[in-house]
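Right, one structure below, let's go through it.
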Amino acid sequence: SRLFSSKESRDARKALRRLFGYDDFRPGQGEVIEAILAGEDVFAVMPTGSGKSMCYQLPAALDGGLTVVVSPLIALMRDQVRQMQAIGIAAASLNSANDEAEGREAWRQLVSGELSLLFVSPERLAGEGLLQRLRELGVRRLAIDEAHCVSQWGHDFRPEYRQLTRVREVLGDVQVVALTATADRATRDDIAAQLFPKPPRSFVHSFDRPNLSLRFAVKDRPRSQIADFLAGHKGGSGIVYAASRDRTESLAAHLETKGHRALPYHAGLEQSVRSRHQDIFLQEDGVVMVATIAFGMGINKPDVRFVVHADMPGGVEAYYQEIGRAGRDGLPADTLTLYSLEDMAFRRRQIDEKDVDPERHRVEHQRLTAMTDLCELATCRRQALLAYFGEESGPCGSCDLCLEGARLYDAQTDAQKVLSAVARTGQRFGAGHLADVLLGQETDAVKRHGHQELKTFGAGKERSRRSWSAIVRQLFAAGALSEAGEHGGFAMTQKGVDVLFGREPIRLRVQDESTARRDRGGDR
Ligand code: ADP
Ligand code: ZN
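Quick note: to get full-length UniProt numbering, add 14 to the position in the sequence shown (first position is 1).
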């Protein structure tokens, strides 16, 4: 290929070996680096752990001029500066964590023209003093890490990134390189429009991480489910993600009683506690970090052996990025995601409570639907996950659904019972009340609303309460029910109406009734 014939890339490979001690490029790196060295504007979408930083580090080491790297994470900048200095590449960072001497030294190196790499936060870069000085000194290349932060459609929008459009203009005809690990189609287009004056060379590297096993399970007895999973991973380091601060603490405490070394991590903990827990996780083996999403970005620990989601993530990109922290050394690693109807409703509320424009709401709901679809899927998880990132593939043979399969049945009768109960109770009650009606339970609420008089009252005695709520969840995930009212109530969508009147078939997953009547006491 062109890659191996050009002199630049031969030199690049030599430099990779000489400076970094690596034998070869990682998949995708070589072509990105070649395009950068050829002076093109480049937009690279590459998964976490694929070695994105190398894409600007190596060209900066090779071609002399100054590369300004924009990164949102101070810890990451400092790490990279240290790594670059250790191999003799002149690098510095300007950030709010600099002490005075560091700041002065960085500035001196910059002004004297010694620097190959300058790491800055976007807000720092946009400040007038630095920007004007950079314009005078001349910048060879602007490398924008975590480029999805510039897009409102991205899952991690940061308003500071918006200023980069102006930065690029002020710096004049500077080469722009944007890198990100996550971006769906809409986000990618938006990033390109914001950061590049004309369409860049785009590279989208495969998102497949074949060494990660993917498994999902309905959240039933979460503590035991997590403890059982961890029992199979004794001695390995891993992360358990939970949706709230309280839950990280209670889960960590629970896992401790089961003999694990488990530490909580969330933004509400003292900075000193957070750094201590992070250090222990990085330095010791077999530590389980029980964390909110505050943990992970920029954590470079190659031998994370598992990632568990104790609660369903809010979107596929977040899910992918979080599981992607496992197995960065390429060795097998396991993931488990627990999900429930409550999780889905919680995520929906989170979106609705955001004070953003309707278009944004729509996009976020779409994104959430993609996540709930992934949970309620009946075919290969990996295939669906890759399809979300625009990649075609066959069944993987190693996810829970490939291994165990989802048994589907024609669920028209069950669905019609639920939908009819929803319709007859006025489209505002939650799963618990709907189950009471179907099971024929004369609870206070049933009597108060006169629901014991309904035709559907007692029409579903053949199933358990758990089974009915699983059916409600699947109908919700399938878009036949939507949320209504303020207390987890449901209404029918157009699709629900079509199913109710037999105009649309519906298949749902077979419920395992043998576990339905298990005692759930105390398992939160
Ligand atoms: P990303 O930003 O894509 O998540 P990083 O840039 O942090 O990934 O790189 C992940 C790890 O891979 C780093 O430890 C880096 O030194 C290493 N790495 C990068 N390029 C190569 C290579 N060509 N061969 C081996 N290791 C590499
Ligand atoms: Zn599969």
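C-beta atoms are modelled at their ideal positions from N, C-alpha and C, and glycine is treated no differently.
Quick check on the burial criterion: 16 or more other C-beta atoms within 10 angstroms. Buried or exposed for N314?
exposed
Would the beta-carbon of L30 be found less than 7 Å away from any heavy atom of the ligand ADP?
yes
Run the proximity test for Y36: is its beta-carbon closer than 7 Å to any non-hydrogen atom belonging to the ligand ADP?
yes
Quick one: what does DSSP say S238 is sitting in, helix, strand or coil?
helix
V125 by DSSP, collapsed to three states: which one?
helix
Roughly how many angstroms lie between the CA atoms of D293 and R523, to the nearest whole one?
43 Å
Determine, using beta carbons only, whether V451 and L495 come nearer to each other than 8 Å.
no
Can you list, in chain order, the residues of its chain whose CB lies under 8 Å from that of E128, leaving out five sequence neighbours each side?
A104
Could you compute how far the alpha carbon of S220 sits from the alpha carbon of R442?
44 Å
N- and C-terminal bounds of the alpha helix (DSSP H) containing P41:
It is not in any alpha helix (DSSP H) - P41 carries neither H nor E in the DSSP assignment.
Just how far apart, CA to CA, sit V83 and A89?
14 Å
According to DSSP, simplified to helix, strand and coil, what is A498?
strand
Output needed for D414: all residues of its chain with C-beta closer than 8 Å, excluding positions within five of it in sequence on either side, in chain order.
L228, R229, F230, A231, R395
If you check the beta carbons only, do M326 and C389 fall under 8 Å apart?
yes
Give a single yes or no on whether K66 has its beta carbon closer than 7 Å to a heavy atom of the ligand ADP.
yes
What are the residues that DSSP puts in a beta bridge with L349?
With the sequence shown as reference, residue 349 is identified as Thr, and Leu is not the correct amino acid for it. Bridge partners of T349: V321.
Ordered along the chain, which non-local residues of its own chain (more than five positions away) have a Cβ less than 8 Å from that of G464?
none
Using CA atoms only, rank isn't needed, just tell me which of L131, A106, S130, S110 is closest to E119.
A106
Quick check on T439: does DSSP put it in helix, strand or coil?
coil
Contained beta strand (DSSP E) runs [length at least 3] in the stretch 87 to 134, N- to C-terminal order:
105 to 108, 131 to 134
How do the stretch 253 to 267 and the stretch 296 to 308 stand: do at least 3 beta-carbon pairs fall below 8 Å, yes or no?
yes
Pick from L265, R261, D260, V218: whose alpha carbon is nearest that of A241?
L265
Check whether the Cβ atoms of D299 and S354 sit closer than 8 Å, and answer yes or no.
no
Our contact map puts V164 next to Q208 with C-beta atoms below 8 Å; I'd like the distance itself, whole angstroms only.
5 Å
Classify E336: buried if its beta carbon has 16 or more other beta carbons within 10 angstroms, exposed otherwise.
buried
Note down, in chain order, each residue of its chain lying with its Cβ closer than 6 Å to the Cβ of A74, except the 5 sequence neighbours on either side.
T81, S130, L131
Where do the N-terminal and C-terminal ends of the alpha helix (DSSP H) with residue 596 fall, by residue?
As shown, the chain starts at 15 and ends at 538. That puts residue 596 outside it, with no answer to give.
Could you tell me whether any non-hydrogen atom of the ligand ADP is closer than 7 Å to the CB of T62?
yes
Suppose you measure from the CA of L283 to the CA of T271; what does that come to, to the nearest Å?
21 Å
Residue-chain proximity (Q335, chain C), Cβ-Cβ < 8 Å:
No chain C appears in the structure shown, which is made up of a single protein chain.
Given a threshold of 16 other Cβ atoms within 10 Å of its Cβ, counted over all protein chains shown, does T427 qualify as buried or as exposed?
exposed
Name the two residues that bound the continuous alpha helix (DSSP H) containing T271.
259 to 271
Just confirm the distance between the C-beta atoms of R182 and V188, as a whole number of angstroms; I'd bet it's less than 8 Å.
6 Å
At which residue ranges does the stretch 166 to 240 contain complete alpha helix (DSSP H) runs of 4 or more residues, listed in the order of the chain?
178 to 184, 199 to 209
Among residues of its own chain, excluding the 5 on either side of I101, which ones have a beta-carbon nearer than 6 Å to its beta-carbon?
L33
At what residues does the alpha helix (DSSP H) containing L76 begin and finish?
68 to 77
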